[in-house]
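Single-structure report; data block below.
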Amino acid sequence: MTSPLHKEKGAELSRRDILKSGAALATVTLAPGVTLMAFGGKKAAAGEDMPADGLKPGARWGLLIDAAKCPEDCSACVSACSAELGWENNGLETDPQWIRKVTLRDKETGRTNSLPVMCQHCESPPCVDVCPTGASFKREDGIVLVNRHTCIGCRYCMMACPFKARSFVFAPVSDQKSIAPRGIGTVEGCTLCVHKIDRGDGTTACVEACTATGNNAMMFGDLNDPESEIAIAVATYASVELRADLGLNLGVRYQNI
Amino acid sequence: MKNLLTSLLAVLALAIAPAHAQELFPSIPKALGEPHPEGNEYWRINHPALLAHDRDLVVLEGIRDVDASLVGCVVCHAVNGPDQGPVPMPVDAGSPDNSCQVCHQFVAIEIGCFVCHASVPSKEDVAMILPQYSADDEGWRDYMEDLAALQEAPQ
Amino acid sequence: MDRTSYRELRFTPRFWGLVVILGAFVAAAGGIVLYVEHYGHIVTGMNNQIVWGVPHVFAIFLIVAASGALNISSIGTVFGKKDYKPVGRLSNLLAVALLIGGLAVLVLDLGRPDRLVMAMYTYNFTSIFAWNILLYSGFIGIVALYLYTQMARGVPEIAQKSAGMLAFVWRLALTTGTGSIFGWLVARQAYDAAIMAPLFIAMSFSFGMAVFMLVMFMTTGISTRQFPVALRTRQARLLGIFVAVVLYFTAVQHLSAIYVAEHAGVERFILLEGGIYTLLFWGGQVLIGGIIPMIILFSKQAATSGRLVGLAAGMIVLGGFAQLYVIIIGGQAYPLEIFPGFEVSSSFSDGVINAYTPTMLEFGLGIGGVALALLLALGGMKILRIMPDNATE
Ligand code: SF4
Ligand code: SF4
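Protein chains in written order, with the working numbering: chain G, 1 to 257; chain E, 1001 to 1155; chain H, 2001 to 2393.
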C-alpha cells in the first residue's frame, strides 16, 4: 500500500520529479512507515553513509521522569520549552501551556511531590481517535502531533485528552519560531521536540534544561531500543504511567510519584 | 486547484502581454541565493502544490530536507523594509511590498501560510538556508545589506 | 387517504414582523462570527479548561431537538395515528431546519470555520465526530425524501411509510451519535457512562416535541391556521410522558454514577456543591424543565388551556438548555483526575474547579442559530405547502 502522500506525488508532481534539482530527494515507500530514500546531487556525492532523513522507523520515543529528583521550585523544563518553541504563558486561562509543573500532596500521608506533565504521547491516543479531520495524528515513531494544516479547531481532542496536554490558540500570534509554527484557531501541544529528534539531537529542550540544572530528573530516548539508557532504566527500576487504568500505554513514564 | 489556475493565468498574462503593458503587472522583487534550477515560471505556477506536498513530508514523515520549504521562501525572497530602529528588518507579510504579497494582492488570493508561520526570518533561519551568513548580528547585517543592494540594482 | 388540504402561509404584517426580528438575530450572529474569527476566541468566555462553551449548548440542543421534532411525523406515518398526520410535513420541515440551525452554530464556533471543507476530504473514520457529519447529512437527505413522499401526488402509501421508517431509525442513530460524543470521552469522569446515549434519545423526544408545539403556537399566532385542540391535548399528554422519561434517565444517570467510586466526586459537585451547576441542575433542569411542566401537562386544565400547554413547553425548552449546560460545561468545570489520591496544584488549573463566564457573544451566536432554524422553518412554510389549511376540528 502506498500512502496517499506518495500517490499524490506521482500523479500530480511527476513533472517536478523529472526536473528535480540537485538537492532533491526521491522516496520510495516499501511499506507504511518504511521509506527508502535516495539522495541526489551533492548529498550523494558526500557519501553513502549520510544519516537517513526522516523519522526513525520502529522507534518509540519517550521520557522517563523521576519525581524524587524534581524540586518543587524548579521549572527549568517549562522555561526551556517556552523559549525553544515560542509559546508564552502569562497566567491567563487562555494562555498556552505545553508543559507544566504539578505539585502533588498525598491525601493520606501528606508527602508532597513535584513533577512536570506534558503530552504523554500515548500509544493509543484518545486525541487521535476523536479528531474529525485526522489533524491530530501519531507519527510512526510514536510522537503525537497536531497537523495545523488540517486542524479545524473543534477542540474535541482537548475534551478527549486525559492529561490536559493541549492548548487552544485564542488570539493571533506573530514572531513564531520557524521550527514550531503556531497560529490562531488551532490546537497545539508538546511536540516532544520533534524538530530536534529529526535533526538527530537525540534529546529534547526540557531534558537538556533539566540536565543542565544538575537535577537529572528527566531522561529521553527510544523505548524500543533495548540498548538505550531509557529502555535499560525502565527495565531496571519501577516506573508508572499516569491513568494506567485507561490502558493508553504512554510514552512518558514516571518514577517515585 | 483554483490557486493553480489563477497563477497560471497570471503568468500567462505576463508572458503574452505587450511590452508597454508591463507596468500593469507587479514587479516581483529579486531574491538572494541560487536561482531555482527549474526556472521561475515553474515555481510561480507550482509553488502552492510544491509547498503543500513537501510540508506533508515534513509534518507527517519527518523528512526535513525538502526543496520547497516556507523558511526558504521567506529567507531568499525577503524584501528589506524602511529602516526601523537600530536593527533593520525585512517587511512582513502585512506589507504590500512583501514578495509574496506583491503577486498575491495582484491576483487577489489570500495567503494562509502566515497565520501560523513567521513571514520574517530569524538569524538562525537565514544562516540555515544561506550558509554564507552567520547566525549572529554580523551575519544579519550582511544579509540586510545584500537585500538592500539587490533592490537598488536595476531590474 | 389523507384529505387534508395544505397551503403556503400568507404574507401578513405579523409574518413580516417575525421575519424581521429573526433576521436581526441571524445578522447579529453573523457579525459575532466575523468578530470572533478576527480576534480569536479570546473575546469569548472560553478558555483552555472550558473549551466547549455556550455555543455548544445551543448547537447540541438544536441537534437533539431536530431528531425529536421528527417524531410527530413518525407517529403519524409509522405508527398510524391519524391526528398527527396533518402536521407531519411541518414535523419534517422543522427537523431539517433545527438541524441546520444547530450545525451552523457548531461549525461557526470552530477555531477555523474557513477550513470546514477540509473536514470533508481529510476524514478520520475512527472519530465519532466524523461519523456524526455523515449522520447529519444523511438525516437531511432522508427527511427531505420523506417530506417529498408526503407532499408529492400519487406516491403510494407504502413508499411514505418506508421513508418514514427509515427516517425514524436514522434519527435514533443520530441521537445516539450525538450522545456518544460525550459518552466516549473516557477520561472525563462526568461523561464516561453508557447511559448517555439513551438519555440523549429521551431528551430528544422531549425537547423535540416541546419545540414543535412552540412552533405550532408561533405559526398559528401569525396566520389564520389553528392548532387543533385534540392534537394539542394528545401532544401535551405525550410530552408529559417524555419529560417523565427524561427525569427517570437523569435519575438513573446520577444514581448509578454515585456508586462508582471514581465518579462520586463529580456527582457531589453537580448535585451538591457545584454552585451555578447545582442550581441549574435542581432549579433549571429538574424543577423548571421537569417537575413543574409535568404537573401542568398531566393536569385537567391542560386539556382546555393552550396557554398552559405553551407555558409548559417553554419551560421544558429552558430546562433543556439548563440540562445541556450542566452536562457540557459542568462536566468540564470539574477537574480531571490525573493523580487519584493526591491533592494537586499547578499553574494550569490542576485540581481546581474551572471557571467559565459566558459572554453575550456566545449567547448571541447560539440564539442566532435558533433564529436561523425558525427562519428556515417559516420560509419553508411560506414557499411549500406545509401547513394544513383546515386543521381544525
Ligand atoms: S497525552 Fe493527550 S494530547 Fe498527548 S497523545 Fe495522549 S491524549 Fe493525545
Ligand atoms: S481541534 Fe484540531 S486537532 Fe483537535 S480534534 Fe479538532 S481538528 Fe483535530
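For each residue, glycine too, the CB sits at the ideal point set by N, CA and C.
With respect to H/F2129, G/Y156 sits close: the two C-beta atoms are nearer than 8 Å.
Membership of E/D1137 in the alpha helix (DSSP H) is indicated by the continuous run D1137 to E1152. Assigned with DSSP and collapsed to three states, E/D1125 falls in helix. Any Cβ of chain E closer than 8 Å to the Cβ of G/Q97 would place that residue at the interface, and such an atom is absent. Look at the stretch 2040-2068 of chain H: the residues with a C-beta under 7 Å from a C-beta of chain G are G2040, H2041, I2042, N2047, N2048, Q2049, V2051 and W2052. G/K138 has a beta carbon lying at 8 Å or more from every beta carbon in chain H. G/L63 sits in a strand when the DSSP states are folded into three classes.
Within the same chain, Cβ atoms closer than 6 Å to the Cβ of H/A2202 are found at V2245, V2246 and F2249, the five residues on either side in sequence being excluded. Every unbroken stretch of the alpha helix (DSSP H) spanning 4 or more residues and falling wholly within the stretch 2100-2134 of chain H is given here in chain order: 2116-2121. For G/D106, the enclosing beta strand (DSSP E) begins and ends at I99 to D106.
Residue contact check for H/V2344 against chain G: a CB pair falls below 8 Å. Counted as a single uninterrupted DSSP element, the alpha helix (DSSP H) harbouring H/F2015 occupies residues P2013 to Y2039. Counting of Cβ neighbours within 10 angstroms places E/L1024 among the exposed residues, the total staying below 16. By the Cβ rule, the stretch 96-108 of chain G counts as touching the stretch 158-177 of chain G, because three or more pairs are nearer than 8 Å.
Bounds of the alpha helix (DSSP H) holding H/L2231 are V2229 to I2258.
The beta-carbon of H/M2118 is placed less than 8 Å from the nearest beta-carbon of chain G. Each residue's CA atom was taken as its position, placing H/A2313 and H/T2178 some 23 Å apart. Under the 8 Å criterion on CB atoms, E/V1087 is classed as non-interfacial with respect to chain G.
Any Cβ of chain E closer than 8 Å to the Cβ of G/H149 would place that residue at the interface, and such an atom is present. Within the same chain, Cβ atoms closer than 7 Å to the Cβ of H/V2026 are found at G2368, A2371, L2372 and L2375, the five residues on either side in sequence being excluded. Where H/V2344 is concerned, there is no enclosing alpha helix (DSSP H), although the beta strand (DSSP E) around it starts and stops at F2342 to S2346. Unbroken beta strand (DSSP E) stretches of 3 residues or longer found wholly inside the stretch 2281-2348 of chain H: 2342-2346, given in chain order.
With a contact defined as Cβ atoms closer than 8 Å, E/I1129 and E/C1076 qualify at about 7 Å. Under DSSP, H/F2139 takes part in no beta bridge, so it has no partner. Every residue with a CB closer than 6 Å to a heavy atom of ligand 1 is listed here in chain order: G/C119, G/Q120, G/H121, G/C122, G/P125, G/P126, G/C127, G/V144, G/C161, G/F163, G/A165, G/R166 and G/G189. Contact between the stretch 138-149 of chain G and the stretch 56-64 of chain G is present: three or more C-beta pairs spanning the two stretches fall below 8 Å.
Closer than 8 Å to the CB of G/P162 there is at least one CB belonging to chain H. Against chain H, a Cβ distance below 8 Å from G/I152 picks out L2110, G2111, R2112, P2113, R2115, L2116, M2118 and A2119.
Close to H/T2126, with beta-carbon spacing below 7 Å, are these residues of chain G in chain order: D129. Using a Cβ-Cβ distance cut-off of 8 Å, the stretch 114-128 of chain G and the stretch 185-192 of chain G are in contact, since at least three pairs of beta carbons, one from each stretch, lie closer than that value. Using a CB distance below 7 Å, the part of the stretch 227-256 of chain G facing chain H consists of L242, R243 and L246, ordered along the chain.
Fewer than three beta-carbon pairs drawn from the stretch 2048-2061 of chain H and the stretch 2069-2081 of chain H are found closer than 8 Å, and the two stretches are therefore not classed as touching.
At least 8 Å separates the beta-carbon of H/Y2356 from that of H/A2322. G/M219 sits in a strand when the DSSP states are folded into three classes. Between ligand 2 and G/P96, a heavy atom-to-CB distance of less than 7 Å is absent.
Restricting attention to G/T150, G/T186 and G/Q176, the CA atom closest to the CA of G/L85 is found in G/Q176.
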